[in-house]
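First up is the structure itself, then whatever we jot down about it.
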Amino acid sequence: MTKAAITGLSHYLPDYVLTNDEIATMVDTNDEWITTRTGIKERRVLKDEHAGSSQLAIPAVRDVLEKTGTAPEEVELLICATSSPDYTWPSTACVIADALNIRNAMCYDILSACTGFLYCLQQAQAFIKSGIYKKIIICSAEKCTSFVNYQDRTTCALFGDGGAAALIEPSEEFGVEIAKIHADGAGHDHLIRYCGGSANVPSHEAVDKGLHYIYQDGKYVFKNAVNFMTSVVTEVMEEGKLTLDDIDWICTHQANKRIIDAVRQHLNAPEEKVICNIEHVGNTSSASIPIALHEAALEGKIKKGDRLLLAAFGSGFTWGSVYISWGDCKI
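Read left to right, the sequence shown gives residues 1468 to 1798 (this note's numbering).
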């Protein structure tokens, strides 16, 4: 059976490093408080106010095309996961495609927050298995800091900026084995950016109230993130009749080190099987899983033949898990 395999992978982080000590100059907090509660020591910020999230994905997509020897005209589909699009329209996918001279591909965005990369992977799998497309770029573009209130100590230390990209192609041996993706809109008002859409258009009043910033009910989100990621990973393992011996690496959304640890503990998984880079990247929303995967691959951790279990949870609420076998991937 034809599978959707990741044959190229890359990521990009902006140069500016925002440390916990610098955040402590903006709001009543300190390095120990942030590190203890989140596991984050630093995060990257795209400082150019006029540069959109597309500028974080373009270098990653370009790198994937070059490393895999894929010409722009060969790309048949480009899907961009983003919670921080350049514009309401056109899509950020179109902006990225234009910058890279990708002219004839189908392009669209996915807005499913931190689960976005898994949504992209699931959709790419459907196009690959159906035979409609054979060369698909999926990417994540996240300038999360553009919506962060640096006077809110509960959220300002969490988020960072970053982008990532992958080439998805057919394979008879490696690729997505099992994917379970879900959503339940009942949780939408616990993790939300109220202002910016048609339900609450930008206005002086909305900005004065801070409605253009990220709002998060931390305790509620924490509990649901752990429960939903644990349940969907269990769902994947049960369908595949998998045990922890069948899994070489677990990579969850890098939201909070305590969430990552709680999911691992619920699964009784050893810490050495868990990929975690949140300390120096922070929460990059949909980009967090592919950034973590690429860094792990560059470090020589992920190798051909490895079996990975991915899991994410985000605003919506959205959540999902993907079991994937790793093949010949250009990094």
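Note that the Cβ used here is the ideal one computed from N, Cα and C, for glycine as well.
Note that the structure is predicted; figures quoted are calculated from it, not measured.
Closest in C-alpha terms to ASP1715, from the list TYR1554, HIS1649, ASP1656, ALA1763, comes ALA1763. SER1520: not part of any beta strand (DSSP E); DSSP gives it neither H nor E. Residue pairing by DSSP places LYS1797 opposite GLY1475 in a beta bridge. If you look at LYS1610, you'll find it in the beta strand (DSSP E) that goes 1603–1610.
In this structure, the CA atom of VAL1703 is about 26 Å from the CA atom of TYR1600. Leaving aside the five residues that flank VAL1484 on each side, the residues in its chain whose CB is nearer than 7 Å to its CB run, in chain order, GLU1509, ARG1511. For GLY1781, the enclosing beta strand (DSSP E) covers residues 1774–1781. Note that the stretch 1654–1662 touches the stretch 1675–1693; at least 3 beta-carbon pairs, one per stretch, sit closer than 8 Å. The continuous alpha helix (DSSP H) containing ASP1675 extends over residues 1671–1675. Leaving aside the five residues that flank ALA1692 on each side, the residues in its chain whose CB is nearer than 7 Å to its CB run, in chain order, ALA1722, ILE1726, PHE1780. If you look at ARG1510, you'll find it in the beta strand (DSSP E) that goes 1509–1512. Sorting TYR1479, HIS1671, HIS1733, THR1505 by C-alpha distance to the C-alpha of ALA1633 places TYR1479 at the top. Burial is judged here by how many other beta carbons sit within 10 angstroms of a residue's own beta carbon; ASN1487 has at least 16 and is buried. Taking the Cα positions, SER1477 is about 8 Å away from PRO1757. Boundaries of the alpha helix (DSSP H) around CYS1561: 1559–1566. A distance below 7 Å between beta-carbons, with the five flanking residues on each side excluded, links ASP1713 to the following residues of its chain, in chain order: ARG1774. Taking GLU1738 as the centre and dropping the five residues before and after it, the same chain places no C-beta closer than 6 Å to its C-beta. Here the alpha carbons of ASP1628 and SER1753 stand approximately 10 Å from one another. GLU1639 has its alpha-carbon roughly 14 Å from the corresponding atom of SER1597.
As DSSP reads the structure, SER1638 sits in a beta bridge with LYS1470. One alpha carbon belongs to THR1496, the other to ASP1619, and they sit about 10 Å apart.
Look at VAL1668 here: in three-state DSSP terms it is coil, with no helix or strand label.
Collapsing the DSSP output to three states places ILE1726 in a helix. In the structure shown, TYR1586 falls within a helical segment according to DSSP collapsed to helix, strand and coil. Within the same chain, SER1477 come within 7 Å of ASP1530 by CB-CB distance, once the 5 residues on both sides are set aside. With fewer than 16 other Cβ atoms from the protein chains shown falling within 10 Å of its own Cβ, HIS1671 counts as exposed. Annotated three-state conformation of ASN1691 is helix, per DSSP. Measuring C-alpha to C-alpha distances from MET1696 to each of LEU1513, VAL1674, GLY1787 identifies GLY1787 as the nearest. By the CB criterion at 8 Å, ILE1605 and ALA1591 fall inside the cutoff. Residues LEU1545, ALA1572, CYS1574 of the same chain have their beta carbon placed closer than 7 Å to that of ALA1564, with the five preceding and five following residues left out of the count. The stretch 1640–1649 and the stretch 1535–1549 do not touch, with fewer than three beta-carbon pairs separated by less than 8 Å.
Residues of the same chain with a CB within less than 7 Å of the CB of VAL1643, apart from the 5 flanking positions on each side, are LYS1470, ALA1471, LEU1588, GLN1592, VAL1789, ILE1791 in chain order. In this model, VAL1688 and ALA1560 are separated by some 29 Å (Cα to Cα). Assignment of ASP1530 by DSSP, reduced to helix, strand and coil, places it in the helix class. Taking the C-beta atoms as reference points, VAL1528 is found nearer than 8 Å to LEU1567. Counting the other CB atoms within 10 Å of its CB gives THR1537 a total of 16 or more, which places it among the buried residues.
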